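Single-structure report; data block below.
Here it is as structure tokens:
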């Protein structure tokens, strides 16, 4: 059976068809996210994309096993509405019904992007075979998906959970977009590295990072900061060390509460690979309550996590 | 059916017989914890206590529906061994087998005290009817039990979880007994209030709290600090305000991760009742990611939580 997985983001809609047996994408494409045309326009663009992909691999859309759709936002407990997806401008949007209107033969399943990324890892990735796992996606924000008993944990009230928004530094300087001081996100999102890097370029315009960024603080990205640390630039090493300290504290805290079998790291920062993961494992081992070594691995699915996870959602449900 | 619930602590063993239908204790007693006689002596004292209680209510011990035993420590994933209970001096102790040896007709079930207190609330208390709940026991330490899907959550590896040991103040001054800086326990256990109160007595020997404690910092307890705040002593009010700030941050963080239906507060500090709970609810509402008002209630079972929870464990299992 073939399943469609749709990953809606603030700039593009990515659509893919996944083979249910292998968990591999057979075809995929993307189109711009239609900000001006709202939920209805989004449903229309999904229909058009799925039709193109089905034509490409030579199957009728009616033969699909289901359609999964993931959004960067909160989903109602009954999984029919997008409650709030700020980047999309969706609020109480009946996305399931709108897409189903255009696919009368299909069931459409909605999911939150962080949950969906964890689902992709669960069904065909680094969480496969595990019952308890936590995925932390280190990008602009800190997203996360929690797997308990082999299923996505959506919190006690079905509103999803927010692993980026527990507080680790309540007396710190950084106030989160959610209004709280010292959320995990303020210290562990890629954004923290970028902000520290910008500061570094301003403070040391002749330094290595300033050369990478051509002297322009606005050109700094997290990758550059990590690469400078790799090259043993002392300033960048210090920034990276502080980042590791925060991230290992966050993970040790999650271990106290969940004691997961495995922890996956995704998002842009995970591109640092073992340069990040090896010292992270060591610090987490020292810090966690059980003083145990935990499996901390790079998430397998990068840009395709949303499509694969959404198609998996269509296949297995929540 | 009648169940025995045994609550082993560092100073006493409390034993009770609970009616399975009503969830009420029919008889209970306590005896000193036999430090010198170890696991075998503990099992012997449990047998003697249960025999006395059975004689008291006129039933044979063989008619019991089961025996639950709770300890302040970690239990092996297969629930047969006490891995570490520092206050008892038990390490890798085969407590289940030792007690079963003396009760050949009975099944003995072991549990961790924090889990067991949550179980008491779940089956006959403030968590009854809820599927997701968190109990925080604010005493010498910060213990906690997490209920997910109507059952005790013992972590991904079956080792139990440690809600007192996630970090909320990673750059703070207080180092936890577990070795980490700024664990929830360092800021929210009754011990924090006691330490602040002692400091206050030293700093202001003519103040209200000093009078309560007869000028002796060692006589300060958490209750006195709270009572002085109730009486609007400015120093004590400031301490209590800081405590509320920490506790509400801890609860808001747990909400980001679990979004529970209800939060129970137990332990000595919960004796403050609405003087604690009313402002706590308000601050948690302001701080939590969902900006929702949560049900935060005082745990129903006080000193009997261990016996009732352990007997409930014998009845329903984990």
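Protein chains in written order, with our numbering: chain A, 47 to 364; chain B, 47 to 364.
For each residue, glycine too, the CB sits at the ideal point set by N, CA and C.
Note that the coordinates shown come from a computational prediction; the quantities given were computed from them, not determined experimentally.
Can you tell me where the alpha helix (DSSP H) with residue 61 (chain B) in it begins and where it stops?
No alpha helix (DSSP H) holds residue 61 (chain B); the beta strand (DSSP E) holding it covers 58–65.
Determine the extent of the alpha helix (DSSP H) in which residue 136 (chain A) is found, giving its start and end residues.
Careful: residue 136 (chain A) lies outside any alpha helix (DSSP H), inside the beta strand (DSSP E) at 136–139.
Here's the rule I'm using: 16 or more other beta-carbon atoms within 10 Å means buried, otherwise exposed. How should residue 250 (chain A) be labelled?
It counts as exposed.
With residue 349 (chain A) as the anchor, note down where its beta strand (DSSP E) starts and where it stops.
Where residue 349 (chain A) is concerned, there is no enclosing beta strand (DSSP E), given that its DSSP letter is neither H nor E.
Out of B:158, B:51, B:127, B:311, point me to the one whose CA is closest to residue 184 (chain B)'s CA.
Measuring from the Cα of residue 184 (chain B), the nearest candidate turns out to be B:311.
Assuming residue 88 (chain A) and residue 113 (chain A) are in contact, meaning their beta carbons sit under 8 Å apart, how far apart are those beta carbons, in whole angstroms?
Contact flag wrong, Cβ pair sits at about 13 Å.
State the Cα-Cα distance for the pair residue 179 (chain B) and residue 333 (chain A), rounded to the nearest angstrom.
Each residue's alpha carbon lies about 27 Å from the other.
Comparing the C-beta of residue 295 (chain B) with each C-beta of chain A, is any distance below 8 Å?
Yes - at least one Cβ of chain A is within 8 Å of the one on residue 295 (chain B).
Please determine whether the Cβ atom of residue 309 (chain B) lies at a distance below 7 Å from any heavy atom of the ligand FAD.
Judged by which ligands are present, the structure shown has none, so any question about the ligand FAD falls away.
Starting from the Cα of residue 150 (chain A), find the closest Cα among A:359, A:263, A:111 and give me that residue.
Comparing Cα-Cα distances from residue 150 (chain A) to each of A:359, A:263, A:111, the minimum goes to A:111.
List the endpoints of the continuous alpha helix (DSSP H) containing residue 100 (chain A).
Run containing residue 100 (chain A): 84–103, per the alpha helix (DSSP H) assignment.
Considering only residues of the stretch 137–198 of chain A, which uninterrupted alpha helix (DSSP H) runs meet the minimum length of 4 residues and lie entirely inside it, listed in chain order?
Counting whole runs of 4 or more residues, the stretch 137–198 of chain A contains the alpha helix (DSSP H) stretches 141–148, 159–170.
Using a threshold of 8 Å, state whether the C-beta atoms of residue 335 (chain B) and residue 301 (chain B) are closer than that.
Taking 8 Å as the Cβ cut-off, residue 335 (chain B) and residue 301 (chain B) qualify as a contacting pair.
At a CB distance below 9 Å, what residues from the stretch 201–214 of chain B approach chain A? Give them in sequence order.
So the close ones are 201, 202, 203, 204, 205, 206, 207, 208, 209, 210, 211, 212, 213, 214.
Please report how far the alpha carbon of residue 49 (chain A) lies from the alpha carbon of residue 205 (chain A), in whole angstroms.
Computed Cα separation, rounded: 25 Å.
Going by Cα to Cα distance, which pick from B:177, B:268, B:146 is closest to residue 187 (chain B)?
Comparing Cα-Cα distances from residue 187 (chain B) to each of B:177, B:268, B:146, the minimum goes to B:268.
Just the C-alpha distance for residue 344 (chain A) and residue 324 (chain A), rounded to the nearest angstrom, thanks.
Computed Cα separation, rounded: 11 Å.
Please list, in chain order, the chain A residues whose beta carbon lies closer than 9 Å to that of residue 298 (chain B).
Going along chain A in sequence order, the residues near residue 298 (chain B) (Cβ under 9 Å) are 211, 212, 213, 226.
To the nearest angstrom, how far is the alpha carbon of residue 236 (chain A) from that of residue 243 (chain A)?
If I take the Cα positions, the gap works out to 11 Å.
State the Cα-Cα distance for the pair residue 161 (chain B) and residue 172 (chain B), rounded to the nearest angstrom.
Approximately 15 Å, taken between the alpha carbons.
Spell out whether any CB of chain B is found under 8 Å from the CB atom of residue 130 (chain A).
Answer no: the Cβ-Cβ gap between residue 130 (chain A) and chain B never drops below 8 Å.
Run the CB neighbour count on residue 347 (chain B), radius 10 Å, all protein chains shown included, and call it buried at 16 or more, exposed below.
With 16 or more other Cβ atoms within 10 Å, it is buried.
Which of the three DSSP states is assigned to residue 200 (chain B) in this structure?
In the structure shown, residue 200 (chain B) sits in coil (DSSP, three-state: anything other than H, G, I, E or B).
Going by alpha carbons, who is nearest to residue 85 (chain A) out of A:357, A:222, A:137?
It is A:137 whose Cα lies nearest to the Cα of residue 85 (chain A).
Is there a Cβ from chain B that is less than 8 Å from the Cβ of residue 124 (chain A)?
With 8 Å as the cut-off, residue 124 (chain A) does not count as an interface residue toward chain B.
Counting only Cβ pairs nearer than 7 Å, list the residues of chain A close to residue 336 (chain B).
Neighbours of residue 336 (chain B) on chain A, chain order: 205.
Could you tell me the alpha carbon to alpha carbon distance between residue 63 (chain B) and residue 104 (chain B), rounded to whole angstroms?
The straight-line gap from Cα to Cα measures roughly 12 Å.
Kindly say whether residue 163 (chain A), judged by its beta-carbon, lies nearer than 8 Å to any beta-carbon of chain B.
No, its Cβ sits nowhere closer than 8 Å to a Cβ of chain B.
Candidates B:195, B:115, B:256, B:201: which alpha carbon is nearest residue 152 (chain B)'s?
Comparing Cα positions, the closest option is B:115.
What are the boundary residues of the beta strand (DSSP E) that includes residue 130 (chain B)?
Looking at the DSSP string, the run of the beta strand (DSSP E) that includes residue 130 (chain B) is 128–131.
At what residue ranges does the stretch 256–320 of chain B contain a whole run of the alpha helix (DSSP H), taking only runs of 4 or more?
Segments of the alpha helix (DSSP H) lying fully in the stretch 256–320 of chain B: 268–276, 280–304.
By how many angstroms is the C-alpha of residue 227 (chain A) removed from the C-alpha of residue 222 (chain B)?
Whole-angstrom Cα-Cα distance: 21 Å.
Out of A:53, A:201, A:234, A:262, state which residue places its alpha-carbon closest to the alpha-carbon of residue 246 (chain A).
Closest by alpha carbon: A:262.
Answer with buried or exposed for residue 355 (chain A), where buried requires no fewer than 16 other C-beta atoms within 10 angstroms of its C-beta.
Buried.
Tell me, please, whether the CB atom of residue 326 (chain A) is closer than 8 Å to any CB atom in chain B?
It does not: the Cβ of residue 326 (chain A) has no partner Cβ on chain B nearer than 8 Å.
Would residue 215 (chain B) pass as a contact of residue 215 (chain A) if the rule is Cβ separation under 8 Å?
Going by C-beta atoms, residue 215 (chain B) is nearer than 8 Å to residue 215 (chain A).
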